[in-house]
Amino acid sequence: MLCSRCKKRMAVVFMSRMEGNETVNEGLCLKCAKELGIPQVSSMMDSMGITDDDIEEMSNQLMELGGDDFEMGGADTMPPFLQNIFGGMGDLSKKSESPEKDSNTKEKKREKGKEQKKNKFLDSYCINLTEKARSGNLDRIIGRDTEIARAVQILNRRVKNNPCLIGEPGVGKTAIVEGIALKIAAGQVPFRLQDKEIYLLDMTSLVSGTQFRGQFESRIKGLIDDIKSAKNVILFIDEVHTLVGAGSAEGSMDAANILKPSLSRGDIQVIGATTFDEYRKHIEKDSALERRFQPITVNEPTIAETTDVLLGVKNYYEAFHKVNISDSIVRLSVKLSERYIIDRFLPDKAIDLLDEACSHAALRSKELASYEKLNQQLKEMMTAEEQLESDPENVDYEKLAEIKSGLIQTKEELKKLEPIVANIQLTKEDLAKVIEMWTGIPAAKIEQSEYGKISELETHLKAKVIGQDEAVSLVVAAVKRSRVQLNKRKRPASFIFVGPTGVGKTELVKCLAEELFETTDPLIRFDMSEFMEKHAVSRLVGAPPGYVGYEEAGQLTERVRRKPYSVVLFDEIEKAHPDVMNILLQILDEGKVTDAQGRTVSFQNTVIVMTSNAGSSDKSNIVGFNKQAGEMAKEKAMRALQEILRPELLGRVDEIVVFSSLSQESMQKIAGLMLDEMKEPLKEQNIDMSYDEKALNYLAQHADGGKFGARELRKIIRKKVEDRVANMIVDHYDSPITMLGITADENDIQIIAK
Numbered sequence: 000m001l002c003s004r005c006k007k008r009m010a011v012v013f014m015s016r017m018e019g020n021e022t023v024n025e026g027l028c029l030k031c032a033k034e035l036g037i038p039q040v041s042s043m044m045d046s047m048g049i050t051d052d053d054i055e056e057m058s059n060q061l062m063e064l065g066g067d068d069f070e071m072g073g074a075d076t077m078p079p080f081l082q083n084i085f086g087g088m089g090d091l092s093k094k095s096e097s098p099e100k101d102s103n104t105k106e107k108k109r110e111k112g113k114e115q116k117k118n119k120f121l122d123s124y125c126i127n128l129t130e131k132a133r134s135g136n137l138d139r140i141i142g143r144d145t146e147i148a149r150a151v152q153i154l155n156r157r158v159k160n161n162p163c164l165i166g167e168p169g170v171g172k173t174a175i176v177e178g179i180a181l182k183i184a185a186g187q188v189p190f191r192l193q194d195k196e197i198y199l200l201d202m203t204s205l206v207s208g209t210q211f212r213g214q215f216e217s218r219i220k221g222l223i224d225d226i227k228s229a230k231n232v233i234l235f236i237d238e239v240h241t242l243v244g245a246g247s248a249e250g251s252m253d254a255a256n257i258l259k260p261s262l263s264r265g266d267i268q269v270i271g272a273t274t275f276d277e278y279r280k281h282i283e284k285d286s287a288l289e290r291r292f293q294p295i296t297v298n299e300p301t302i303a304e305t306t307d308v309l310l311g312v313k314n315y316y317e318a319f320h321k322v323n324i325s326d327s328i329v330r331l332s333v334k335l336s337e338r339y340i341i342d343r344f345l346p347d348k349a350i351d352l353l354d355e356a357c358s359h360a361a362l363r364s365k366e367l368a369s370y371e372k373l374n375q376q377l378k379e380m381m382t383a384e385e386q387l388e389s390d391p392e393n394v395d396y397e398k399l400a401e402i403k404s405g406l407i408q409t410k411e412e413l414k415k416l417e418p419i420v421a422n423i424q425l426t427k428e429d430l431a432k433v434i435e436m437w438t439g440i441p442a443a444k445i446e447q448s449e450y451g452k453i454s455e456l457e458t459h460l461k462a463k464v465i466g467q468d469e470a471v472s473l474v475v476a477a478v479k480r481s482r483v484q485l486n487k488r489k490r491p492a493s494f495i496f497v498g499p500t501g502v503g504k505t506e507l508v509k510c511l512a513e514e515l516f517e518t519t520d521p522l523i524r525f526d527m528s529e530f531m532e533k534h535a536v537s538r539l540v541g542a543p544p545g546y547v548g549y550e551e552a553g554q555l556t557e558r559v560r561r562k563p564y565s566v567v568l569f570d571e572i573e574k575a576h577p578d579v580m581n582i583l584l585q586i587l588d589e590g591k592v593t594d595a596q597g598r599t600v601s602f603q604n605t606v607i608v609m610t611s612n613a614g615s616s617d618k619s620n621i622v623g624f625n626k627q628a629g630e631m632a633k634e635k636a637m638r639a640l641q642e643i644l645r646p647e648l649l650g651r652v653d654e655i656v657v658f659s660s661l662s663q664e665s666m667q668k669i670a671g672l673m674l675d676e677m678k679e680p681l682k683e684q685n686i687d688m689s690y691d692e693k694a695l696n697y698l699a700q701h702a703d704g705g706k707f708g709a710r711e712l713r714k715i716i717r718k719k720v721e722d723r724v725a726n727m728i729v730d731h732y733d734s735p736i737t738m739l740g741i742t743a744d745e746n747d748i749q750i751i752a753k
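Residue numbering for the sequence shown follows numbering that gives the first Met the number 0, beginning at 0 and increasing consecutively.
Okay, structure coming up:
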């Protein structure tokens, strides 16, 4: 019912007053009630702090809630008890004008209202993608022809013609719908879809502001009615899982339940888009909603497909950033994004990398900034010139001459800058710098090619891992085979490192991770003594359905999903339960494994290393450095491994690398490396350190023959060198030390401080 005073807003205050012998019933809106000075209304508004703006907003929301029911003369829509009291109000309003005039006025208002309210909800809460496609505001879509054709085929069905695009974030689900809109705009669709319009639903604006009970349902109902009346609308709901529970409150229906009847009857057509996780959590659980959609899986595109996409859209980024992008840089951006940006998906991460690299290239060019500034000045001066010349009678010739002079000067400066601006190139350094900002990996390492790293791998490893040249050579050869991919089966390089403690097994793994992969933490390490029970396998791949922790991901599978380029170390493998080791069979053979939630995790870009001390506990007949002793050590290690591990696991490993005991010469070199590690911290305190061969010889002799290999050497250096150096620095805090010399005599290490 409308206010009897303003005839615009809904009446919320009802009153009766006596005029002579007659009772006059009135309904007033809040604004009119306040203007008339009704005491009860004024005191209520003052106590609640309601302003005039609040009153206007509330009135608008009440009108929207009522929709078309609250028209002039809408007393029929009132509840029965109000109709009894105010039943005569419709007659009172009609008495003011003649019946004929009133009828004509109402008819005109009704027609005008219908014109204004046509597609009111569609225009308020949706964006017409087809119209944007016609006006050229959508980027053209490259690829995804199969998915677009499948979606068009489903849309062309008689019933259940509602496709639902399911895929990881950033793989191009929304782009597929934009591609359909482009095809409709170009007329490249079946006859039944020629006149269709795709509207993108803005769920946020649909839900926002629905504070009154039933207001959300009213909006959804109005939207459905608009779609029914238009008859050519396809509604695209991005993040379709938000329908479940949207707008629901105690005793009310959510959006999904309101839409279900219209979807099943075919009154409306919907395209949905969501991720695998959200589809499983929300839509699969509601089987009645799930059966109304036809799922289309949108997989992550390959590197070749992503390259085609970027080659197709690079001109948009060239025009926006004023930067030239070569095809080779496009291909490189795809490869680098796939390798270094782990937790996102192609083509989204490749496009983001290209976009930000273009921004970086544009910002490093000072000429481009000057060019843009001069262009803006030129436009402003041309506008000012037109304004002055538009009024010939009142021209300020002095100002006009000044502007014309400025125009000539600006055009000359622009002409000088044009060749420089036209030649700004996106480079590999720009891509590397952006990845460095995103991941923390040094740009210098990113710029080096993978094959370049592998070609120098053996030299770098031998410089860091002393006395194990044969082991290093075997590892490098297997890594090269794995990286070049000479066969179709993509499987990771895998090794078992066997040997006594302290000979460099773990050190080689760490060095291999640092040299191959430039991530900040490229080593994924598992201590297999934690997996001695049969049920511990669930920690690697995740708990099965129905068990505690099912929603949580497995430690191994999740970390490899996040960092596919890494070294996976299974330390002391002989301590793990045999059933736990079975999980490695598929990884080593196929290069992939399926976790408890059904996701396939690829290991093809990893390097898998297992270490073991098998066969090294009995040192008899092994000590010595001739060929025969080395062969005996290998035979003992192999026999011990065969007793611990199954043949099918040993057969799948690329190399079983046996580490030999360290010689006296190797121990001296390792001692030198350990002492070199002290130089940098001392340099920060302005202390230079040096050592001679006597010191290295002494350290190697006293560490040789121990049970712990290089670890024993570390202990001796800690006691004989580090402790003494620390005492000297503390004792000489008044006159700081600037030079340290380390030597040795027959009895002990000697440290000379200056």
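We put the CB at the ideal spot given by N, CA and C, even for glycine.
Can you tell me which residues form a DSSP beta bridge with Ile165? Thr273, Thr296
With 16 as the cutoff for other CB atoms within 10 Å, does Val729 come out buried or exposed? exposed
Limits of the alpha helix (DSSP H) - the one that Asn185 falls within: Residue 185 is actually Ala in this sequence, not Asn. From DSSP, the alpha helix (DSSP H) with Ala185 extends over 172-185.
Pairwise C-alpha distance: Lys119 and Phe13: 31 Å
Rounded straight-line distance, which links the Cα of Asn612 to that of Leu681: 36 Å
In or out: Ser528 buried (at least 16 other Cβ within 10 Å) or exposed? exposed
Give the single residue among Pro260, Gln214, Gln554, Ser565 whose Cα lies nearest to the Cα of Thr593. Gln554
Assuming the contact rule is C-beta atoms closer than 8 Å, Glu711 and Ala702 should be a hit. Round their C-beta distance to whole Å, please. 5 Å
Contact under 8 Å by Cβ, Leu121 with Leu222: yes
Residue interval of the beta strand (DSSP E) (run including Val497): 492-497
Measuring CB atoms only, is the stretch 137-148 touching the stretch 292-308, in the sense that at least three cross pairs come out at less than 8 Å? yes
The alpha helix (DSSP H) spanning Leu345 covers which residue range? No alpha helix (DSSP H) holds Leu345; DSSP gives it neither H nor E.
Between which residues of its own chain and Glu457 is the CB-CB distance below 8 Å, once the five residues before and five after are set aside? Val471, Ser472, Val475
Could you check what DSSP says for Phe319 in three-state terms: helix, strand or coil? helix
Three-state secondary structure (DSSP) of Tyr450: helix
Could you give the DSSP three-state label for Gln268: helix, strand or coil? strand
Pick from Lys259, Leu362, Ile407 that is closest to Glu384, judged by C-alpha positions: Ile407
In the DSSP assignment, find the unbroken beta strand (DSSP E) run with Ala752 in it and report its ends. 748-752
Could you check which residue in Gly169, Glu216, Ala132 has the C-alpha nearest to that of Tyr198? Ala132
Under DSSP, the beta strand (DSSP E) around Val566 begins and ends at which residues? 566-570
Would you mind working out which of Thr273, Val566, Asn231, Lys403 sits nearest Val243, comparing C-alpha positions? Thr273
Distance between Ser358 and Gly186 (C-alpha atoms, nearest Å): 36 Å
Rounded C-alpha distance that separates Phe569 from Ile736: 45 Å
Inspect the CB distances between the stretch 535-544 and the stretch 580-592 and report whether three or more fall short of 8 Å. yes
Pro346 beta carbon less than 8 Å from that of Leu309: yes
At least 3 beta-carbon pairs within less than 8 Å: the stretch 491-506 vs the stretch 648-668: yes
DSSP on Glu514, reduced to helix/strand/coil? helix
For Cys5, which residues of its own chain have a beta-carbon under 7 Å away from its beta-carbon, when the five flanking residues on both sides are left out? Cys28, Cys31
For Gln667, I'd like the list of residues in its chain whose CB is within less than 7 Å of its CB, leaving aside the five on either flank, ordered along the chain. Leu695, Asn696, Ala699
Compare the Cα-Cα distances from Ile175 to each of Leu164, Ile423, Ala184 and report the closest residue. Leu164
Alpha-carbon to alpha-carbon, Ala10 and Glu21: 22 Å
Let's test the definition: count the other Cβ atoms within 10 Å of the Cβ of Lys504 and tell me whether it reaches 16, buried, or not, exposed. buried
From Gln268 to Leu262, what distance separates their C-alpha atoms? 7 Å
Cα-Cα, which of Asn161, Gly169, Asp526, Ile226 is closest to Ala349? Gly169
For the candidate residues Pro162, Ile233, Gln467, Arg338, whose alpha-carbon lies nearest to that of Glu196? Ile233
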